[in-house]
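Residue numbers (this note's numbering): 3 to 139.
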C-alpha cells in the first residue's frame with residue numbers, strides 16, 4: 003500500500019541530497035553531450051560561397067560603371083543587366099573541376115536572387131541639359 007506517513011524528519015538533508023544528485027547527473031549529461039560532438043571541419047562549399055558574395059557585386063559594379071560611362075549616362079534596367087551578366091558567363095571556358103562548377107552554380111544562384119529582388123525596377127532617365135532656373139517675376 004505504501005507509506006502512510008510520508009513526512010520526512012530531516013527535510014533539509016533530503017533536499018540537499020536531491021540537489022546533489024541533480025547537479026551530478028547534469029554534469030554527466032553535459033559531459034556525454036560534449037563528447038558526442040564532432041569537430042568542425044572547414045566546408046569548401048562555404049569558402050566558395052564567400053568568394054562569390056565578395057566578387058560578384060564588385061564585378062557587377064565595375065560593369066555598370068563601364069556601361070554608364072562612370073555614371074554620366076542612364077543605366078540599363080537592372081533585370082536586363084543581371085540577365086546579360088548571366089548570359090555573359092558563357093564567354094568563359096567551361097568549368098574543369100567540381101570547385102569551378104560549384105562557383106558557377108553559386109554565381110548563377112546569386113544572380114537569380116538579384117533578378118528576383120530587383121524585378122520591376124526601372125532606371126531613372128538621366129537628363130543631360132542644364133537645370134532650369136525659376137523665373138523672377
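Even glycine gets a Cβ: it sits at the ideal position worked out from N, Cα and C.
Under the rule that 16 or more other beta-carbon atoms within 10 Å means buried, what is residue 109, buried or exposed? buried
Classify residue 26: buried if its beta carbon has 16 or more other beta carbons within 10 angstroms, exposed otherwise. exposed
How about residue 120 and residue 58: do their beta carbons lie closer than 8 Å? no
Would you say residue 33 reaches chain D, if we count a Cβ-Cβ gap shorter than 8 Å as a contact? Among the protein chains of the structure shown there is no chain D, as only one such chain exists.
In terms of alpha-carbon separation, which member of 15, 114, 77 and 51 lies closest to residue 63? 77
Looking at the unbroken alpha helix (DSSP H) that takes in residue 89, where does it start and where does it end? 80-90
Taking 8 Å as the limit between beta carbons, can you name the residues of its chain near residue 67, skipping five residues before and five after? 73
Taking residue 124 and residue 79 to be in contact with their CB atoms under 8 Å, please state how far apart those CB atoms are, rounded to whole angstroms. 6 Å
Looking at the structure shown, is residue 43 part of a helix, part of a strand, or coil, going by DSSP? coil
Of the residues 126, 122, 98 and 87, which one's Cα is nearest the Cα of residue 111? 87
Rounded C-alpha distance that separates residue 32 from residue 17: 22 Å
CA-CA distance, residue 113 and residue 21? 57 Å
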